[in-house]
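Participant: If you scroll down you'll find the structure; I have some questions about it.
Number of protein chains: 2
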Amino acid sequence: MRRINPQNFTLAKRGTSREINRQIVLTLIRTHQPVSRADLARLMDTNRANVTFIINELLEEKLVREGAQGNEKVRGRKPTFLYVNSNKSYAVAVDVRASRTFLMVTDSIGKQISDIVSFATEIDPQKFINTLSANIRKAVPSSIKESSCEGIGIVVPGMTDIKTGRVLRAPALGWVDVDLLVLLRREFEDIPIYIENSGKACALSQIWATRSDLHTDHDLVFVSISDGVGVGVIINGELMRGKHNTAGEFGHLPLSIDGLPCLCGANGCWEAYISNLATISRYFGKKISPRQPLSLETADFTIEDLIKRARTGDGKALAALHLTARYLGLGLASIINAIDPSQIYLGGEITEAWDLIEPQVRDAIKERTLTRELGVTPIRIVPAIEYPRLRGAVALVTSPAFAAPKVA
Amino acid sequence: MRRINPQNFTLAKRGTSREINRQIVLTLIRTHQPVSRADLARLMDTNRANVTFIINELLEEKLVREGAQGNEKVRGRKPTFLYVNSNKSYAVAVDVRASRTFLMVTDSIGKQISDIVSFATEIDPQKFINTLSANIRKAVPSSIKESSCEGIGIVVPGMTDIKTGRVLRAPALGWVDVDLLVLLRREFEDIPIYIENSGKACALSQIWATRSDLHTDHDLVFVSISDGVGVGVIINGELMRGKHNTAGEFGHLPLSIDGLPCLCGANGCWEAYISNLATISRYFGKKISPRQPLSLETADFTIEDLIKRARTGDGKALAALHLTARYLGLGLASIINAIDPSQIYLGGEITEAWDLIEPQVRDAIKERTLTRELGVTPIRIVPAIEYPRLRGAVALVTSPAFAAPKVA
DNA sequence: GTATTATGTTAAAAGTTTTAACAAATAACC
DNA sequence: GGTTATTTGTTAAAACTTTTAACATAATAC
Chain X
1 MRRINPQNFT
11 LAKRGTSREI
21 NRQIVLTLIR
31 THQPVSRADL
41 ARLMDTNRAN
51 VTFIINELLE
61 EKLVREGAQG
71 NEKVRGRKPT
81 FLYVNSNKSY
91 AVAVDVRASR
101 TFLMVTDSIG
111 KQISDIVSFA
121 TEIDPQKFIN
131 TLSANIRKAV
141 PSSIKESSCE
151 GIGIVVPGMT
161 DIKTGRVLRA
171 PALGWVDVDL
181 LVLLRREFED
191 IPIYIENSGK
201 ACALSQIWAT
211 RSDLHTDHDL
221 VFVSISDGVG
231 VGVIINGELM
241 RGKHNTAGEF
251 GHLPLSIDGL
261 PCLCGANGCW
271 EAYISNLATI
281 SRYFGKKISP
291 RQPLSLETAD
301 FTIEDLIKRA
311 RTGDGKALAA
321 LHLTARYLGL
331 GLASIINAID
341 PSQIYLGGEI
351 TEAWDLIEPQ
361 VRDAIKERTL
371 TRELGVTPIR
381 IVPAIEYPRL
391 RGAVALVTSP
401 AFAAPKVA
Chain A
409 MRRINPQNFT
419 LAKRGTSREI
429 NRQIVLTLIR
439 THQPVSRADL
449 ARLMDTNRAN
459 VTFIINELLE
469 EKLVREGAQG
479 NEKVRGRKPT
489 FLYVNSNKSY
499 AVAVDVRASR
509 TFLMVTDSIG
519 KQISDIVSFA
529 TEIDPQKFIN
539 TLSANIRKAV
549 PSSIKESSCE
559 GIGIVVPGMT
569 DIKTGRVLRA
579 PALGWVDVDL
589 LVLLRREFED
599 IPIYIENSGK
609 ACALSQIWAT
619 RSDLHTDHDL
629 VFVSISDGVG
639 VGVIINGELM
649 RGKHNTAGEF
659 GHLPLSIDGL
669 PCLCGANGCW
679 EAYISNLATI
689 SRYFGKKISP
699 RQPLSLETAD
709 FTIEDLIKRA
719 RTGDGKALAA
729 LHLTARYLGL
739 GLASIINAID
749 PSQIYLGGEI
759 TEAWDLIEPQ
769 VRDAIKERTL
779 TRELGVTPIR
789 IVPAIEYPRL
799 RGAVALVTSP
809 AFAAPKVA
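Listed in order, the protein sequences are those of chains X and A.
Heads up: the first sequence runs through residues 1 to 408, numbered per my numbering.
Heads up: the second sequence runs through residues 409 to 816, numbered per my numbering.
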């Protein structure tokens, strides 16, 4: 139940009903394709005439295309299948990370149509943009060079201002108030550019995934653990942004207000207990040094190495993982108590050791959640191979075309 | 931007536009009354003809009534003022608390039309319902006995299932799985009954308050501190409920995972540091005894007494308050980092000492929030005299008539 | 070949918003 | 005091929806 904002509402006009039903039809085609007009009429519980009218409009705008005819062995005229016209334009997705930047090209419904390429992330913003631009141009397949680019979606490990397209703070990159949008717009005029925090983008990737249509997740949380902890939250089917687009910073919830020092300046943050760096430090028996986040990172030892050792009988490595697992669970319990999500998605390198750490995580969750149901909140591991951050970057570009219109 | 759920959407029908605009008109009359048709046309940026049609419909349904004519000293025909017809029906609001239960009667737009009455809360559910029913019947003014009751809204300090109307857990009352709805429906057949957690209701009270129309709060948090800590969160203009309607349990975020034992069974919960009981215990230099929550409560010493002592020079009392203030701020910082609300509303007895504790609270917030903007998130004290819980109970009943229709 | 059945289109009906014209009412003006 | 200007509210017609009903199309079943 939503309250109508008397300062900022949207009146229904003559064309509003059509607009609403158009988006519903587009969504249904996207999630059910191939699908016929008659199928749509049944799905929408309306008559075929109405569907015909709407489809004609979408065909004229080339948002939808007709395909082959169905040929099931049933009596009656055969249906003409409809598809979202995904060749109309393409999208570029970019995932900026501390060490490397990844990018790929997709069609207009987010299907990958290029290899995933990567390059070393340059810290100097102008140099970064130069390298990025060159790589984007190289990645777009020559076959689709003529079709228009629907947009470029960029995902960054830090706080962003989505209105101005600025990166406010990205500690892992050392960026403060970097105006990515302006720099990139010089290279790609007239192409829409979307810039978003990686945790939020990951959450979007799950909401907009075609797969996720099966479950009706209206409230979900995506937690990804790497150098830091990124969290994205979907509430009532919408991304939780907050007033300054900084909502979802669960990484700095305290486990103990006078615990380990965190890179953020405070003490005892969850992140300080479960980041890859924290786990590695724990293994080596060192404290995290607040102002030298990269000292160990740049050393060759990674969390993957640690997991490998744990798997091959290194008791200290396994113990370090188990302790991280416990803290991970304690923090997740707080998120569960706060949000009560129908599902938690978990990403990051450490999830490759999920079989080793799941019991500790679950026990810790049960320890601090307030009801039995909350204690068994389902957790889905999102493996690196699914590229959730890149998928999120894609969603930034391709999802607006399918979103519900703003009404009332 | 909201995704359309392909499993559960609402098609636009022939009457959908009208339905949307009707609700907008109702909302505008509620927030701007007295208001003329011409005013509405200007507010809605549409023509007077359309407004006339919609108003005629609302007049026929007696949801709106015409009043006197305006008489400003301007040229032209004088406007006829429109009002929401608040005499059509009445609502009953009930606030169940550990010691006493409060109730009042309002008209259909939530204006108080009876005294606020209270009675001792009986722990036995059946006895409670009997007393409540008698008090409700007594409270309804005889002048409106004939008009219909729009509903009864009940607010409870615990977890509720709003679908079945059951109280799942209310530690302060010792209620576990109490079926309030069924018990009360025996007394009041055919009258809609709404049961909700008090923290969530408080949040609703702010969103639906006519006053709050000034600021466009799309994301807000209501924190009320008494025996426990109740929190209600509004995200994107909608109450955050979560899968089991238990979202918002920030009271059990840890400040230190191995800190003070909390009544919930875990250790170091925020609640264990800032509840009235916690502050009083601190003053007396005692630890909170986990399984005897009422031992100190039933003693005559209240938090109000403690505040009085602090004001009259009792240094230990002031110190206890200041420490609570610090912990309060540290917890609020976590909420701010997580939600990034445009405003925090703070209720509970301790807010009567706001002038004494504000600096400590603000300092603690700044200490753990991640950006400068987050550190200065505005806080509004909601005094007891505003009866936020009762206002929330009212909103449960009266707000559905003004809510945005579900569309797309 | 004919009957049956499902798909997709078309014309007309019914319900919206929108436009334009008009009636009603009142202050300002000469 | 009469006329003009201006604002409010209504009404009729236009434009754009969804909905209903009828129909053409195309395939299988008999």
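Cβ atoms here follow ideal geometry from the backbone N, Cα and C, with glycine treated the same way.
Values in this document were obtained by computation on a predicted structure and should not be read as measured data.
Evaluate the contact criterion for the segment 779 to 788 of chain A versus the segment 748 to 763 of chain A: three or more CB pairs, one atom per stretch, below 8 Å.
Facilitator: Contact holds: three or more Cβ-Cβ distances are below 8 Å.
Participant: To the nearest angstrom, how far is the alpha carbon of A/Gly-636 from that of X/Glu-249?
Facilitator: Distance between the alpha carbons of A/Gly-636 and X/Glu-249: 25 Å.
Participant: Identify the contact partners of X/Gln-23 in chain A, using a Cβ-Cβ distance below 8 Å as the criterion.
Facilitator: Here the neighbours are Ile-412, Ala-816.
Participant: When the distance is taken between beta carbons, is X/Thr-121 closer than 9 Å to X/Ile-113?
Facilitator: Cβ distance not < 9 Å, so X/Ile-113 and X/Thr-121 don't count as in contact.
Participant: Where does A/Ser-664 fall in DSSP's three states?
Facilitator: Looking at A/Ser-664 - three-state DSSP - the assignment turns out to be strand.
Participant: First and last residue of the beta strand (DSSP E) that includes X/Asp-161?
Facilitator: Run containing X/Asp-161: 159 to 161, per the beta strand (DSSP E) assignment.
Participant: Can you tell me whether X/Ala-266 is buried or exposed, with buried defined as 16 or more other CB within 10 angstroms of its CB?
Facilitator: Label assigned to X/Ala-266: buried.
Participant: Reducing DSSP to helix, strand and coil, say where X/Cys-269 ends up.
Facilitator: If DSSP states are grouped into helix, strand and coil, X/Cys-269 belongs with the strands.
Participant: With the cut-off set at 9 Å, would you say A/Leu-798 and A/Phe-630 are in Cβ contact?
Facilitator: Taking 9 Å as the Cβ cut-off, A/Leu-798 and A/Phe-630 do not qualify as a contacting pair.
Participant: Taking contact to mean at least 3 C-beta pairs separated by less than 8 Å, is the segment 85 to 92 of chain X in contact with the segment 145 to 161 of chain X?
Facilitator: They touch, by the three-pair rule.
Participant: Would you grab the beta carbon distance between X/Ile-123 and X/Leu-173 for me? Rounded to a whole angstrom, and I think it's under 8 Å.
Facilitator: That pair is a contact at about 6 Å.
Participant: Compare the Cα-Cα distances from A/Asp-627 to each of X/Leu-239, X/Asp-217, X/Trp-208, X/Glu-349 and report the closest residue.
Facilitator: Of the listed residues, the one whose Cα sits closest to A/Asp-627 is X/Leu-239.
Participant: DSSP on X/Pro-261, reduced to helix/strand/coil?
Facilitator: Residue state, collapsed to three classes: strand.
Participant: Apart from the five residues just before and just after X/Gln-23, which ones in its own chain have a Cβ nearer than 8 Å to its Cβ?
Facilitator: Within the same chain, X/Gln-23 has close Cβ partners Phe-402, Ala-403, Ala-404, Pro-405.
Participant: Using three-state DSSP, classify X/Ser-342 as helix, strand or coil.
Facilitator: In the structure shown, X/Ser-342 sits in coil (DSSP, three-state: anything other than H, G, I, E or B).
Participant: For X/Val-397, does the three-state DSSP call read helix, strand or coil?
Facilitator: Here X/Val-397 sits in helix by DSSP.
Participant: Taking 9 Å as the threshold (C-beta atoms), are X/Leu-103 and X/Ser-399 in contact?
Facilitator: Cβ atoms of X/Ser-399 and X/Leu-103: not closer than 9 Å.
Participant: Tell me which residues share the same chain as A/Ala-816 and place their Cβ nearer than 7 Å to its Cβ, disregarding the 5 neighbours each side in the sequence.
Facilitator: Around A/Ala-816: Ile-412, Phe-417, Thr-418.
Participant: In this structure, what does DSSP give as the bridge partners for A/Leu-738?
Facilitator: BP columns for A/Leu-738 are empty, so no partner.
Participant: Under the DSSP definition of a beta bridge, which residues are partnered with X/Val-176?
Facilitator: Bridge partners of X/Val-176: X/Arg-169.
Participant: Do you know how far the Cα of X/Ala-395 is from the Cα of X/Cys-269?
Facilitator: Rounded to whole angstroms, X/Cys-269 to X/Ala-395 spans 30 Å at the Cα level.
Participant: So with CB distances below 8 Å, who are the chain A contacts of X/Asn-56?
Facilitator: The premise fails here: X/Asn-56 is roughly 17 Å from chain A at the closest Cβ pair, so nothing lies under 8 Å.
Participant: By the criterion of Cβ-Cβ separation under 8 Å, what are the contact partners of A/Asn-605 in chain X?
Facilitator: Here the premise fails: no neighbours, minimum Cβ distance about 12 Å.
Participant: Assess contact between the segment 719 to 739 of chain A and the segment 595 to 612 of chain A, defined as three or more Cβ pairs (one per stretch) separated by less than 8 Å. Is contact present?
Facilitator: With the cut-off at 8 Å, the segment 719 to 739 of chain A and the segment 595 to 612 of chain A do not touch.
Participant: In this structure, does DSSP put X/Leu-318 in helix, strand or coil?
Facilitator: In this structure, X/Leu-318 counts as helix in the three-state DSSP scheme.
Participant: So which residues on chain A does X/Cys-264 lean against when the C-beta distance must stay under 9 Å?
Facilitator: Those within 9 Å of X/Cys-264 in chain A are Arg-776, Leu-778.
Participant: Does the beta-carbon of A/Ile-758, which I'm using as the reference point, lie nearer than 8 Å to any heavy atom of the ligand COA?
Facilitator: You won't find the ligand COA in this model; it holds no ligand whatsoever.
Participant: Under a Cβ-count criterion, where at least 16 other Cβ atoms within 10 Å of its own Cβ denotes burial, should A/Ser-551 be classed as buried or exposed?
Facilitator: With fewer than 16 other Cβ atoms within 10 Å, it is exposed.
Participant: Tell me A/Asn-684's beta-bridge partners as DSSP assigns them.
Facilitator: Note: A/Asn-684 sits in no beta bridge, so no partner.
Participant: Does the segment 344 to 364 of chain X come close enough to the segment 48 to 63 of chain X to have 3 or more Cβ pairs within less than 8 Å?
Facilitator: The segment 344 to 364 of chain X vs the segment 48 to 63 of chain X: no contact.
Participant: Is any beta-carbon of chain A found at less than 9 Å from that of X/Ala-12?
Facilitator: It does; some Cβ of chain A falls within 9 Å.
Participant: Relative to the C-alpha of X/Val-155, which candidate in X/Tyr-194, X/Val-176, X/Val-25, X/Leu-132 has its C-alpha closest?
Facilitator: Among X/Tyr-194, X/Val-176, X/Val-25, X/Leu-132, the Cα nearest to that of X/Val-155 is on X/Tyr-194.
Participant: Mind checking which residues open and close the alpha helix (DSSP H) that includes A/Ala-761?
Facilitator: Neither: A/Ala-761 is in no alpha helix (DSSP H) and is coded neither H nor E.
Participant: Strictly below 9 Å CB to CB, what residues from chain X border A/Pro-749?
Facilitator: Simply Gly-242, Lys-243, Ala-247.
Participant: Below 7 Å on C-beta distance, what does X/Phe-9 contact in chain A?
Facilitator: Within 7 Å Cβ-Cβ: Ile-432.
Participant: Identify whether A/Leu-471 lies in helix, strand or coil by the three-state DSSP scheme.
Facilitator: DSSP places A/Leu-471 in coil when its eight states are reduced to three.
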